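Participant: There's a structure below that I have some questions on.
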Amino acid sequence: MKIVMIASEARPFCKTGGLADVTYSLSKELASMGEDVSIILPFYDTVRKNPKFSFSKCTDVEIRMSWRHQKLDVYESSSDGVKYYFINSDQYYSRGHLYGDFDDGERFAAFCHAAKALIIKLAMNPDIVHCHDWQTGMIPFMLKEGENKELFTKTKTVLTIHNPAFQGLLPQFCLGDLYNFTDDYFYNGSVRLKDQVSTLKAGIFYADKITTVSPTHRCELLTPEGSMGLSGDLQLREGDFCGFLNGIDYNEFNPGCDKNIAKEYSSNNIITSKKENKKKLFDMMGLKDYKRPLYSIVSRITWQKGFDIMEPTVYELIRRGCNVVLVGSGEYDQEQKWQDIRNRFPNNIGIYIGYNDALAHLVYASSDFFLMPSLFEPCGLGQMIAQRYGTLPIVRRTGGLKDSVINFDSSNELTSNGFGFDNYSSEDLKYTSIYAYDTWFNRKLFRRLCQNAMKTDNTWKKSATLYLGLYKSMR
Numbered sequence: 000m001k002i003v004m005i006a007s008e009a010r011p012f013c014k015t016g017g018l019a020d021v022t023y024s025l026s027k028e029l030a031s032m033g034e035d036v037s038i039i040l041p042f043y044d045t046v047r048k049n050p051k052f053s054f055s056k057c058t059d060v061e062i063r064m065s066w067r068h069q070k071l072d073v074y075e076s077s078s079d080g081v082k083y084y085f086i087n088s089d090q091y092y093s094r095g096h097l098y099g100d101f102d103d104g105e106r107f108a109a110f111c112h113a114a115k116a117l118i119i120k121l122a123m124n125p126d127i128v129h130c131h132d133w134q135t136g137m138i139p140f141m142l143k144e145g146e147n148k149e150l151f152t153k154t155k156t157v158l159t160i161h162n163p164a165f166q167g168l169l170p171q172f173c174l175g176d177l178y179n180f181t182d183d184y185f186y187n188g189s190v191r192l193k194d195q196v197s198t199l200k201a202g203i204f205y206a207d208k209i210t211t212v213s214p215t216h217r218c219e220l221l222t223p224e225g226s227m228g229l230s231g232d233l234q235l236r237e238g239d240f241c242g243f244l245n246g247i248d249y250n251e252f253n254p255g256c257d258k259n260i261a262k263e264y265s266s267n268n269i270i271t272s273k274k275e276n277k278k279k280l281f282d283m284m285g286l287k288d289y290k291r292p293l294y295s296i297v298s299r300i301t302w303q304k305g306f307d308i309m310e311p312t313v314y315e316l317i318r319r320g321c322n323v324v325l326v327g328s329g330e331y332d333q334e335q336k337w338q339d340i341r342n343r344f345p346n347n348i349g350i351y352i353g354y355n356d357a358l359a360h361l362v363y364a365s366s367d368f369f370l371m372p373s374l375f376e377p378c379g380l381g382q383m384i385a386q387r388y389g390t391l392p393i394v395r396r397t398g399g400l401k402d403s404v405i406n407f408d409s410s411n412e413l414t415s416n417g418f419g420f421d422n423y424s425s426e427d428l429k430y431t432s433i434y435a436y437d438t439w440f441n442r443k444l445f446r447r448l449c450q451n452a453m454k455t456d457n458t459w460k461k462s463a464t465l466y467l468g469l470y471k472s473m474r
């Protein structure tokens, strides 16, 4: 089966979040299963200038957006059995970053046009075109209603919604100015959301199948409370809407051969090895008592991740002699709040503002508990990585957190792999964290829960099998 992924980011070339992990890992797993998989990406300058990668020009494509006519070069590379194509434009993709500019709508409209033109020029004839999030949401619409649509009559399209908060909202005139369509599609509602053109809505309306990144998040998106305005449109497509839980790369996250940690380990020697890793981490962070429980956070520092309800829990944990380590960056006021907390408790709080991949691995391998009390979380990867390292996640049961963490309740010692709570509140997070703290002193029980976490199957093979089944169902 020929599968073409179209996305705004994918490892190992460019990443700002989980979208890059999913695009890469799913494609790699499908390729290992014998499928013909290609990924089309923008050729960001941050990718082009990276000395670790090599590229060769393979062709060029011409695109038209209303009065704009451009010829864009296309480069190629490969990784893990997957062919990558990169759309080059200094005007649009040489900015030192991936997103956040006033003309993002135009930048990704050009990318969509170029991706379609490339598929035609290379005669790729894909069975499946799999698009990801708002940046590529217009492609199913363009393949079914745009020029050369007769070339795609046998091609099926899939749209995956990774983050419904970003909906690709554009003024009405952009439908013609950027995509060469008349306003008829705006007035009939097929691309209209909140009285604007929505590239995500277009994908929801036109894709043959729609997916999101966990079964629970699918259910949430079908409700007015959890859909961010998309519930009505998704309810109309409910029969074509699936939720498949993401996985993680078990080669990248492997405590048995991770060179970023001080002591490699398996489920057989998890407790003693965590002590060795904790010693190294504490030396790096300036913390003192490695014999006490360690709670960690590896995350974007933002309201979505629950930072506004964490502070009372942190104070209570410190009062009990625990340690807390944070690795991440994000909202300035939250960063400053955590710096202030560390200044008050330098022996118990360790902070690294920014992202350091090697340090993150060491934190996962050193920690006893992993805090992830998200307000909403379509899937989440941090809790899965924590489980892989035998670190027990403490999560709010929303989205993929609910699907991947089995809450310990004293009656399910053989199956539970973390802790969870439902209400988004400081009190519930604090109560659950203290409950987890109490289990730490029952060393036999704690070891069993850590071993359960390590045995949890969060591989991509399960997810890729579900996606492949979906693809085949459309043929």
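For the sequence shown, position 178 matches number 177 in numbering that gives the first Met the number 0, and the numbering has no gaps at all. Every residue gets a Cβ at the ideal spot worked out from N, C-alpha and C, and that includes glycine. Since the structure is predicted, the reported quantities are computational estimates derived from the model, not experimental observations.
1. Between which two residues does the beta strand (DSSP E) carrying H360 extend?
2. Does the count of Cβ pairs from the region 416–429 and the region 276–291 closer than 8 Å reach three?
3. What residue range is occupied by the uninterrupted alpha helix (DSSP H) comprising F107?
4. Considering only the alpha carbon of each residue, which of Q338, P41, N268, S77 lies closest to S55?
5. Hey, would you say G246 sits closer than 8 Å to K461, going by beta carbons?
6. Which whole runs of the beta strand (DSSP E) in the region 133–164 are 3 residues long or more, in chain order?
7. Could you check what DSSP says for A30 in three-state terms: helix, strand or coil?
8. Please list, in chain order, all residues of the same chain as C173 whose beta carbon is under 7 Å from its beta carbon, the five residues on each side excluded.
9. Going by Cα to Cα distance, which pick from Q134, L168, D59 is closest to I493?
10. In whole angstroms, give me the CA-to-CA distance for L121 and R94.
11. Write down the C-beta distance between W133 and G167 rounded to the nearest angstrom, noting that I regard them as a contact closer than 8 Å.
12. DSSP state of S24, grouped into three classes?
13. Taking just the CA atoms, how far does R106 sit from Y91?
14. Here's the rule: buried if 16 or more other CB atoms are within 10 angstroms of the residue's CB, otherwise exposed. What is K27?
15. Between the alpha carbons of K287 and N342, how many angstroms are there, rounded?
16. Once DSSP output is grouped into helix, strand and coil, what is the label at S295?
17. Starting from S197 and walking both ways along the alpha helix (DSSP H), at which residues does that stretch end?
18. Looking only at C-alpha atoms, which of Y430, W66, M32, S365 sits nearest to N394?
19. Under 6 Å Cβ to Cβ from G349, same chain only, skipping five residues before and after it: list those, please.
20. Where DSSP assigns a beta bridge to K290, which residues make up the other side?
21. With H, G and I counted as helix, E and B as strand and the rest as coil, what does DSSP make of Y249?
22. Cβ of L448 within 8 Å of Cβ of F420?
23. From what residue to what residue does the alpha helix (DSSP H) around F185 run?
24. Go through its chain and collect everything with a Cβ distance to D356's Cβ below 8 Å, but skip five positions before and after it.
25. How close, in whole Å, do the beta carbons of I86 and F110 come, if the pair is a contact with beta carbons under 8 Å?
26. Assign F440 to buried or exposed, taking buried as 16 or more other Cβ atoms, counted over all protein chains shown, within 10 Å of its Cβ.
27. Taking all protein chains shown into account, decide if Q382 is buried (16 or more other Cβ within 10 angstroms of its Cβ) or exposed.
28. Go ahead and pull the three-state DSSP assignment for Y91.
29. To test your reading of the DSSP string, which unbroken alpha helix (DSSP H) runs of 4 or more residues are found completely within the region 338–421?
30. Please confirm if the region 366–374 is in contact with the region 303–322, defined as three or more CB-CB distances below 8 Å between the two stretches.
31. Which same chain residues end up closer than 6 Å to S366 when comparing Cβ atoms and leaving out the 5 residues on each side of it in sequence?
32. Once you ignore the five residues that flank H360 on each side, which residues in its own chain have a CB closer than 7 Å to its CB?
33. Using only alpha-carbon positions, find the residue among C218, L229, D437, P254 that is nearest to G320.
34. How far does the beta strand (DSSP E) with L77 in it extend, from its first residue to its last?
35. For G238 and T210, what's the separation of their Cα atoms in angstroms?
36. Skipping 5 residues on each side, what residues in its chain have a beta carbon closer than 6 Å to that of Y249?
Facilitator: Once the coordinates are examined:
1. Note, H360: premise wrong, no beta strand (DSSP E); alpha helix (DSSP H) at 356–365.
2. no
3. 103–120
4. S77
5. yes
6. 155–160
7. helix
8. G104, V196
9. Here the chain comprises residues numbered 0 to 474, so residue 493 is not present and cannot be evaluated.
10. 28 Å
11. 3 Å
12. helix
13. 5 Å
14. buried
15. 15 Å
16. strand
17. Element bounds for S197: not the alpha helix (DSSP H) but the beta strand (DSSP E), 195–197.
18. Note that residue 394 is Val in the sequence shown here, rather than Asn. The candidate whose alpha carbon is nearest that of V394 is Y430.
19. M284, L286, V324
20. Partner(s): none; K290 has no beta bridge.
21. coil
22. no
23. 183–186
24. N259
25. 6 Å
26. exposed
27. buried
28. helix
29. 356–365, 381–387, 398–403
30. yes
31. L293, S295, T390
32. D257, N259, I260
33. D437
34. Here the sequence assigns Ser to residue 77, which means Leu is not the residue at that position. Per DSSP, S77 belongs to the beta strand (DSSP E) from 67–78.
35. 11 Å
36. T458
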